[in-house]
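Take a look at the structure set out below.
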DNA sequence: ACAGAATCCGGCTTATAGATCAACTCAAGT
DNA sequence: ACTTGAGTTGATCTATAAGCCGGATTCTGT
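Okay, here's the thing in structure tokens:
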């Protein structure tokens, strides 16, 4: 589940998961996926159900006194939205408007769907292109110094 | 799997893997290969399936909030494209247009296919020649300072 | 509570990109 | 010179994305 595809967001703010990834998700018996914020960049993360389960469990189990940890819990857990396959094995995700805003993705626009192995990212395609060529994003990159407790989680 | 061959990209942006390498891949029971960006130079990397598996697994497992790590994940995982042998044992790879652009390889042009042992590289043949003679590439080389966590991965 | 409006969700159709299949030419070796 | 295999080009076909439409459901305002 690698590589990227340019997809279009329809007039209703929906995103269709590209078939090549869908097929693999089906093959792995994944029944749902979860969309949430990327904690650093103006982008969205998409996790297959099983991956989400382990990441969210790990995040929840962390003690909540460290401000960075709490922030991560809010942004990742608090913005999660689950979708599942339709009876024909297709998947059309309705991106909640807060997530669309966060990732600067408008309706009827192009977006980049990026396969990162066990998870995916969705970018406004202009931002993705800028990233690829080393250009500036419209939103600043956050500098994050991670506490030890997070070093083992790969978001 | 060493040495280099000059190959040509056809009008549709396709690349045929030279027979001498193909045969060795077959002999090693490799069933697919993965093309992706070289993280430093305007060139493409081609990994046999098994090699790709270990590299991509290592990359994914790295903690994902470090900007350098994420950049590597994006460029390597996010640009990967898999191909497999056809029934006759031949292999014709369609190079995605973004990869062609990145490596400055145009349709109907020559390219250099370089065997590096357990992986291959594909260069615009002018750039390859320039590299060989110490001349300047048309695109600057990126300076990359690798964090310790990446020192063990041989891309 | 009801009506109207807006939003959400599924089905259908069509243009297209990409994968497969096939054929031709060239080069090399016997 | 003939045969075989490789490289290259061309053609076809299938799967998919995306646009469109209509029905259903929820929300809102009166």
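Protein chains in written order, with this note's numbering: chain A, 6 to 160; chain B, 6 to 160.
Beta carbons: idealized from backbone N, C-alpha and C, even for Gly.
Taking 7 Å as the threshold (beta carbon to beta carbon), is residue 83 of chain A in contact with chain B? Your numbering for residue 83 of chain A matches position 78 in the first chain. Judged by the 7 Å Cβ criterion, residue 83 of chain A is not in contact with chain B.
Beta-carbon gap between residue 42 of chain B and residue 97 of chain B smaller than 7 Å: Here the question's residue 42 of chain B lines up with position 37 in the second chain. Here the question's residue 97 of chain B lines up with position 92 in the second chain. 7 Å or more divides the Cβ of residue 42 of chain B from the Cβ of residue 97 of chain B.
Hey, out of B:50, B:92, B:61, B:66, whose CA is closest to residue 31 of chain B's CA? Here residue 31 of chain B is taken as the residue at index 26 of the second chain, counted from 1. Looking at the Cα atoms, B:92 is the closest of the given residues.
For residue 76 of chain A, count the other beta carbons within 10 Å of its own beta carbon; 16 or more makes it buried, fewer makes it exposed. Which is it? Along the first chain, one-based indexing puts residue 76 of chain A at 71. Flag for residue 76 of chain A reads exposed.
With residue 50 of chain B and residue 126 of chain B assumed to form a contact (beta carbons below 8 Å), what rounded beta-carbon distance in angstroms separates them? Translated into the one-based positions of the second chain, residue 50 of chain B becomes position 45. Translated into the one-based positions of the second chain, residue 126 of chain B becomes position 121. Here residue 50 of chain B really is in contact with residue 126 of chain B; their C-beta atoms are around 6 Å apart, less than 8 Å.
Closer than 7 Å by beta-carbon distance: list the chain A residues that pair up with residue 86 of chain B, in chain order. The sequence position of residue 86 of chain B within the second chain is 81, counting from 1. The CB of residue 86 of chain B comes closer than 7 Å to the CB of 8 in chain A, given here in chain order.
Given residue 90 of chain A as reference, the closest of A:67, A:11, A:34 once Cα atoms are compared: Along the first chain, one-based indexing puts residue 90 of chain A at 85. The residue with the shortest Cα to Cα distance from residue 90 of chain A is A:34.
Give a yes or no on whether the C-beta atoms belonging to residue 85 of chain B and residue 94 of chain A are separated by under 7 Å. Indexing the second chain from 1 puts residue 85 of chain B at position 80. Indexing the first chain from 1 puts residue 94 of chain A at position 89. The answer is no: Cβ separation not under 7 Å.
Is the Cβ of residue 122 of chain A closer than 7 Å to any Cβ of chain B? As a first step, residue 122 of chain A is located in the first chain; it is residue number 117 there, counting from the start. Answer yes: the Cβ-Cβ gap between residue 122 of chain A and chain B drops below 7 Å somewhere.
Using 7 Å as the limit for Cβ to Cβ distance, is residue 50 of chain A near chain B? The sequence position of residue 50 of chain A within the first chain is 45, counting from 1. No - not a single Cβ of chain B is within 7 Å of the one on residue 50 of chain A.
Considering only the beta carbon of each residue, do residue 116 of chain A and residue 38 of chain A sit closer than 7 Å? Counting from 1 along the first chain, the entry for residue 116 of chain A is found at position 111. Counting from 1 along the first chain, the entry for residue 38 of chain A is found at position 33. No, the pair does not count as a contact, with Cβ atoms beyond the cut-off.
Looking only at its own chain, which residues have a Cβ that is under 6 Å from the Cβ of residue 21 of chain A, when we skip the five neighbours before and after it? Working through the first chain from its first residue, we reach residue 21 of chain A at position 16. The answer, listed in chain order, is 97.
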